[in-house]
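**Q** Following this message is one structure expressed as structure tokens.
Protein chains: 2
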Amino acid sequence: MDGLTIQEAAETTGWSSRMLRYVEREGLIAPRRSVSGYRLYGPEELQRLRTLRGLLERHGLSLGEVGFALRLSRDPDMERAVELWLEARPRRPEDVPAKDWLRFEQEKHQRLLAEAAQLTTPAAEAATTTTTT
Amino acid sequence: MDGLTIQEAAETTGWSSRMLRYVEREGLIAPRRSVSGYRLYGPEELQRLRTLRGLLERHGLSLGEVGFALRLSRDPDMERAVELWLEARPRRPEDVPAKDWLRFEQEKHQRLLAEAAQLTTPAAEAATTTTTT
DNA sequence: TCAACCTTGACACAACCGTGGTAAGGTTGG
DNA sequence: CCAACCTTACCACGGTTGTGTCAAGGTTGA
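In order, the protein sequences belong to chains A and B. If you count by the working numbering, then the first sequence holds residues 1 to 133, one letter each, in order. If you count by the working numbering, then the second sequence holds residues 134 to 266, one letter each, in order.
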């Protein structure tokens, strides 16, 4: 049975086991299960749990908010609706000609994706884990 | 004194005046004020209030969630952090070679922006308002 | 002037969130 | 077999959300 049980995972990540179940119900981190239903946390999940903790703390976010961001990213229809509503802020279209704004947005996302690609170096995840052996 | 007072705005938008103040405190819609501090709702705000209502209902969102989306869009640092965490979902990099995934993401955003540009035709907003006269 | 608005601030209250605990029962490994 | 885990499903409980109402005071317009 490879992978840490919920209590072990709790100890190495700083979450309580109770909260690990909660995090799972929020859809954020769902470890695979053993045949008998035990949660089995692998290095990826452990790392994600730690970075999640950091994310919340550094930006003052709640689990629910990150869960909402996840829902957004999984429901492009909803995401589009929200973004459209937000973009429609009272702002004279003459101020920023649409073309430029569009270019700006594209560049923003390209920048973002570049960073993402950089930070997602495949080996990095597993390496940091303490309990890999 | 042009613009509707809070109660008038409430009547035409279906929100209660109490909720209009709440919506404002969430940072979603802040009408300008008269010299004496009265809220004055213009056609833009009224339209946004109606579409907001629709947005919430159609997607089962809460004011707080839209408020969070707003915070996200105003704090690119936070947005980037959240997106990065979400993108790092357990997914074998071998499954989808990074290049293709990147292209897919870019295309997604271009599609989105195209739609946005289309729906943001400048005249549309003011036209639909009932109280323009 | 005076009724009918507006403002902010407070109290209230149900419903939900984050979190812990406990109970009843299954799994595991020595 | 048995201690020490695991599972789900509840109760609890303070904090936040969404919403109403009320109070004390300023503004407006006939």
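Just so it is clear, CB atoms sit at the ideal spot from N, CA and C, and this is done for glycine as well.
Could you pull the start and end residues of the alpha helix (DSSP H) that Trp148 (chain B) belongs to?
**A** Per DSSP, Trp148 (chain B) belongs to no alpha helix (DSSP H) and is neither H nor E.
**Q** Could you spell out where the alpha helix (DSSP H) holding Pro31 (chain A) opens and where it closes?
**A** No alpha helix (DSSP H) contains Pro31 (chain A), which DSSP labels as neither H nor E.
**Q** Does Val215 (chain B) come within less than 8 Å of chain A when only Cβ atoms are used?
**A** Val215 (chain B) counts as touching chain A.
**Q** Can you tell which of A:Phe68, A:Leu40, A:Val23 has the C-alpha that lies nearest to the C-alpha of Pro31 (chain A)?
**A** When only C-alpha atoms are compared, the closest one is A:Leu40.
**Q** Under the rule that 16 or more other beta-carbon atoms within 10 Å means buried, what is Arg181 (chain B), buried or exposed?
**A** The residue is buried, with at least 16 neighbouring Cβ atoms inside 10 Å.
**Q** Pull the bridge partners of Tyr41 (chain A) from the DSSP assignment, please.
**A** According to DSSP, which records beta bridges pairwise, Tyr41 (chain A) is partnered with A:Leu4.
**Q** Residues in the same chain with beta-carbon distance under 7 Å from Gly147 (chain B), minus the five sequence neighbours each way, listed in chain order, please.
**A** The answer, listed in chain order, is Arg186.
**Q** Spatial neighbours of Thr5 (chain A) within its chain, please: C-beta separation below 8 Å, excluding the five flanking residues on both sides.
**A** Excluding residues within five positions, the ones whose Cβ falls inside 8 Å are Tyr38, Arg39, Leu40, Tyr41.
**Q** Taking only beta carbons into account, state which residues of the segment 49–70 of chain A come closer than 8 Å to chain B, listed in chain order.
**A** So the close ones are Thr51, Leu52, Leu55, Arg58, His59, Leu61, Glu65, Val66, Phe68, Ala69, Leu70.
**Q** Would you mind working out which of B:Ser195, B:Asp210, B:Ile162, B:Arg191 sits nearest Ala88 (chain A), comparing C-alpha positions?
**A** Among B:Ser195, B:Asp210, B:Ile162, B:Arg191, the Cα nearest to that of Ala88 (chain A) belongs to B:Ile162.
**Q** Using alpha carbons as the reference points, say which of A:Leu61, A:Thr12, A:Tyr22 lies closest to Asp208 (chain B).
**A** Checking every option, the nearest Cα to that of Asp208 (chain B) belongs to A:Leu61.
**Q** Roughly how many angstroms lie between the CA atoms of Thr266 (chain B) and Leu179 (chain B), to the nearest whole one?
**A** Residue placement at Thr266 (chain B) is flagged as unreliable, the pLDDT there being 30, under the threshold of 50; the coordinate-derived value follows with that caveat. Each residue's alpha carbon lies about 14 Å from the other.
**Q** By how many angstroms is the C-alpha of Ala9 (chain A) removed from the C-alpha of Glu44 (chain A)?
**A** One C-alpha to the other measures close to 11 Å.
**Q** Thinking Leu63 (chain A) and Val23 (chain A) are a contact (beta carbons under 8 Å), I'd like their distance in whole angstroms, please.
**A** The pair is a contact, with the Cβ atoms about 6 Å apart (cut-off 8 Å).
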